[in-house]
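**Q**
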Amino acid sequence: MKASIKWLTFIALVVCSSVQAQQNDNPDVVTISDLSWTDESFLSQQRARIDRLARENLGSQIRGDKSDLSTLQRIIDRELVKKDDTITQQALGVVLGDVMLKDEQELTWKVYEDKVGRSRALCAMSVEECLFPVTMLSRRMRVGLKPDVKKVYVEALELIAESLPKLPYGEVREYKAY
1206 MKASIKWLTF IALVVCSSVQ AQQNDNPDVV TISDLSWTDE SFLSQQRARI DRLARENLGS
1266 QIRGDKSDLS TLQRIIDREL VKKDDTITQQ ALGVVLGDVM LKDEQELTWK VYEDKVGRSR
1326 ALCAMSVEEC LFPVTMLSRR MRVGLKPDVK KVYVEALELI AESLPKLPYG EVREYKAY
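Using my numbering, the final residue of the sequence shown is 1383, and nothing's skipped along the way.
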């Protein structure tokens, strides 16, 4: 009897270890979690970075609404952020994400982890669909492009709209950048 219990325990451990190892080795595993205090602090610092840049160079501020899209565009058009300044480019993306969040309440800032790494993303609350506004502008700027902020904004929200809960009474989500 003791031998069979030991044998069953051994088999259970091997099976559990094998399942856990498969999960760890699976490159398709995605984890979405709430922001930590550190993440919240980082996003706040990024917002402050762009607010300071706008105040000093444009005489404007980040307001947390759609007017920020024009402010971001002015920053990009005036080349106030260098091509190799990834941190500030990504800070522009944080402000872009905040405007998206204001327009679409079904989204929330989350931490998205996959085989590539850890990212801050705007995720739909009910599904595992996410947008990555932090890099939406920086990826384009890094290669010398001047992205159309309003176009990026509208296209991103239209892309995720299919994954969001349906609106009552057959209403359709429409996103405008003004």
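The beta carbon of each residue, even a glycine, is placed where N, CA and C say it ideally should be.
#1: If we ignore side chains and look at the alpha-carbon of each, how far apart do Val1332 and Asp1290 end up?
#2: In terms of residues, what are the limits of the alpha helix (DSSP H) holding Arg1347?
#3: Excluding five sequence neighbours on each side, which residues of the same chain lie with their C-beta closer than 8 Å to the C-beta of Gln1294?
#4: In terms of DSSP beta bridges, what is Ser1238 paired with?
#5: Starting from Ser1272, trace the alpha helix (DSSP H) in both directions and tell me its first and last residue.
#6: Mind the definition here: the region 1357-1370 touches the region 1304-1317 only if three or more C-beta pairs lie below 8 Å; say whether that holds.
#7: Any idea what DSSP makes of Asp1324, helix, strand or coil?
#8: Roughly how many whole angstroms lie between the Cα atoms of Ile1281 and Val1299?
#9: So, helix, strand or coil for Leu1372, using DSSP?
#10: Starting from the Cα of Phe1162, find the closest Cα among Leu1301, Lys1351, Gly1349 and give me that residue.
#11: Just mark Tyr1374 as buried or exposed, buried being the case when its beta carbon has 16 or more other beta carbons within 10 Å.
**A** From the atom records:
#1: Each residue's CA atom was taken as its position, placing Val1332 and Asp1290 some 33 Å apart.
#2: 1343-1347
#3: Val1286, Leu1342, Ser1343, Met1346, Arg1347
#4: Val1316
#5: 1272-1282
#6: Taking one beta carbon from each stretch, the region 1357-1370 and the region 1304-1317 have 3 or more pairs nearer than 8 Å; the two touch.
#7: The sequence given here has Ser at residue 1324, not Asp. For Ser1324, the secondary structure class from DSSP, reduced to helix, strand or coil, is strand.
#8: 14 Å
#9: coil
#10: The chain is shown only over 1206 to 1383; residue 1162 falls outside these bounds and no answer can be derived.
#11: Label assigned to Tyr1374: exposed.
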